[in-house]
Amino acid sequence: MEILHLILRYAHLLGFAMIFGGWLVAYLSRRYTVNVAMLWGTVVQLVTGIILAAPLPDREVQPDPAKLGVKLVLAVLLAVMIWIPHLKKRESSSKGHFIGIGALAAITAGVATFWT
Ligand code: HEM
Numbered sequence: 003m004e005i006l007h008l009i010l011r012y013a014h015l016l017g018f019a020m021i022f023g024g025w026l027v028a029y030l031s032r033r034y035t036v037n038v039a040m041l042w043g044t045v046v047q048l049v050t051g052i053i054l055a056a057p058l059p060d061r062e063v064q065p066d067p068a069k070l071g072v073k074l075v076l077a078v079l080l081a082v083m084i085w086i087p088h089l090k091k092r093e094s095s096s097k098g099h100f101i102g103i104g105a106l107a108a109i110t111a112g113v114a115t116f117w118t
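Residues in the sequence shown are numbered consecutively from 3, following the numbering used here.
Shown next as structure tokens:
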């Protein structure tokens, strides 16, 4: 069970890298368009996060349900902000919307890290 847990946590961190890395490259090149790394990163985050949220017998401290709820809401909001422009086939988003995506991804990672 421990190895499965570690693989899931690893995939969860790669999912964050996909979202934030994809966002950062686009933002720094001033192209406010969602990209495939961001799109699939949200799917990886939601799937691995929900599985990781299950009570695992080998975990010493179970994650706080309130923290998980907040993360779920933020992750769904982030997925909506990333998938809607893609599904509506928008060439690019407004700068404000794009900064919001990066900020929300950073805030969600902050909640994961600092809410102990
Ligand atoms: C964009 C959305 C998300 C981001 C950026 C994110 C980020 C992170 C990060 C950086 C960690 C590692 C924290 C650490 O080890 O100190 C983490 C862990 C975790 N996340 Fe997420 N997460 C997201 C979505 C979710 C969702 C939707 C859930 C489930 C409701 C979730 C559940 C968990 C759990 C249970 C852990 C602890 C893993 C462990 O200790 O093995 N995450 N998350």
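Cβ atoms here follow ideal geometry from the backbone N, Cα and C, with glycine treated the same way.
Whole-angstrom distance between residue j and residue i, CA atom to CA atom
i, j, result
"residue 105", "residue 27", "14 Å"
"residue 68", "residue 113", "11 Å"
"residue 6", "residue 54", "10 Å"
"residue 11", "residue 87", "29 Å"
"residue 74", "residue 48", "8 Å"
"residue 92", "residue 24", "17 Å"
"residue 98", "residue 4", "41 Å"
"residue 21", "residue 79", "13 Å"
"residue 37", "residue 100", "12 Å"
"residue 45", "residue 17", "8 Å"
Three-state secondary structure assigned by DSSP to residue i
i, result
"residue 46", "helix"
"residue 56", "coil"
"residue 4", "helix"
"residue 11", "helix"
"residue 117", "coil"
"residue 90", "coil"
"residue 29", "helix"
"residue 67", "helix"
"residue 35", "coil"
Cβ pair residue i, residue j closer than 8 Å
i, j, result
"residue 84", "residue 41", "yes"
"residue 111", "residue 50", "no"
"residue 94", "residue 29", "no"
"residue 66", "residue 117", "yes"
Residue-chain proximity (residue i, chain B), Cβ-Cβ < 8 Å
i, result
"residue 63", "Of the protein chains in this structure there is only one, and it is not chain B."
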